[in-house]
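Take 0 as the starting number for the sequence shown in numbering that gives the first Met the number 0 and just add one per residue.
Written out below as structure tokens is the structure these notes cover.
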Amino acid sequence: MSASNITSTHPAAFLLMGIPGLEHLHIWISIPFCSAYTLALLGNCTLLLIIQADAALHEPMYLFLAMLAAIDLVLSSSTLPKMLAIFWFRDWEINFFACLAQMFFLHSFSIMESAVLLAMAFDYYVAICKPLHYTTILTGSLITKIGMAAVAWAVTLMTPLPFLLRHFYYFQGPVIAHCYCEHMAVVRLACGDTSFNNIYGIAVAMFIGVLELFFIILSYIFILQAVLQLSSQEVCYKAFGTCVSHIGAILAFYTPVVIASVMHCVACRAASHVHILLANFYLLFPPVVNPIIYSVKTKQICDSLGSIPEKGCVNRE
């Protein structure tokens, strides 16, 4: 069979059903979702504007934070507008190629966020363990290369998936029982041998999660060793204080993933809307809380905002 005949077997569009079983509550569910999305937009845009406007914030830590804010904006904006359209207007239809594009942005920017969190761990490691070499190690050129490497890494891992999914038959029906186009949700609709997609998706998730989390933990082991060798308790507390915001961002990113994974294992027979709500929580939680964490716990950003009490800030210097 020719390639043109194969590609014509995909539907023109999929139907995203939102949260099956809770359709009668979609309007009410949209209120916290819309509020969270608004907070994510305001918080991350504010961070980007502050970092761009204040020359004193053009340091490695804040440049990585700007990357994180930009990633969170794309991550939330790739799914929330369509999700709200489903809740408010019952706009269930999504073009097949738009669905693949949404899936690509969703998964690739999640990988980028994980990579930037790892880069921030490296930043803290150098700042605390090798302070005399900080400016010579973390140069502007290296930060640019790290950012480009994170993008290339994510794009390389995710690019095969849309092309693979494009060439499947979809005789199972075009209905996706979810709020957005997630890889495994689309794979379940495909006919034929999808084992490679299943293995590839799980392998990438496990590889990214385990490997990058391992290096983050390793960085903090070295940081802890260095901090415990400091001369006074006050210096120790100050050094630990510099890491609080980053630890908060790591917990915000990985905790929903762990909760969702545990729920799939121990409550696999739970109603589908429970798993879908957890998946949505994973998408919304980091973009909302990251700007709050860094604004409250970083003195320079507090000063730039000018509206947060001084005593709530931690000076990184």
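We treat Cβ as the ideally placed atom computed from N, Cα and C, and that holds for glycine.
Note that the structure is a prediction, hence the values are computed from the model and not measured.
Residue i classed as buried or exposed, judged by whether at least 16 other C-beta atoms fall within 10 angstroms
i, result
"V186", "buried"
"T6", "Residue placement at T6 cannot be trusted, given a pLDDT of 45 that sits under 50; the coordinates are not used to answer."
"P31", "exposed"
"S107", "buried"
"G191", "exposed"
"P286", "buried"
"H166", "exposed"
"V288", "buried"
For residue i, the nearest candidate out of the options (CA to CA)
i, options, result
"L137", "A149, W152, M119, A153", "M119"
"I249", "A259, C235, I215", "I215"
"V282", "F213, Y253, A114, Y219", "The question names Val, but residue 282 is Leu in the sequence shown. Ranking F213, Y253, A114, Y219 by Cα distance to L282 puts Y253 first."
"C44", "H166, L67, I28", "L67"
"L217", "V125, V295, L277, H274", "V125"
"V261", "A176, L277, A55, H272", "L277"
"Y61", "T135, M16, L116, L227", "L116"
"V256", "P290, L212, L229", "L212"
Beta strand (DSSP E) segment containing residue i, residue limits
i, result
"E92", "92-94"
"A12", "12-15"
Continuous alpha helix (DSSP H) stretch holding residue i: start and end
i, result
"A55", "No alpha helix (DSSP H) contains A55, which DSSP labels as neither H nor E."
"Q228", "From DSSP, Q228 is part of no alpha helix (DSSP H); its letter is neither H nor E."
"K81", "79-88"
"T135", "133-136"
Simplified DSSP state of residue i, which is helix, strand or coil
i, result
"I145", "helix"
"C178", "coil"
"Y168", "strand"
Decide yes or no for the touch test of the stretch 97-105 against the stretch 177-193: beta carbon pairs closer than 8 Å, at least 3 of them. yes
Three or more beta-carbon pairs under 8 Å between the stretch 47-66 and the stretch 22-31, yes or no? Judged by Cβ distances under 8 Å, the stretch 47-66 makes no contact with the stretch 22-31, as fewer than three pairs qualify.
I want to know whether the stretch 226-237 touches the stretch 142-151 - three or more CB-CB distances under 8 Å. no
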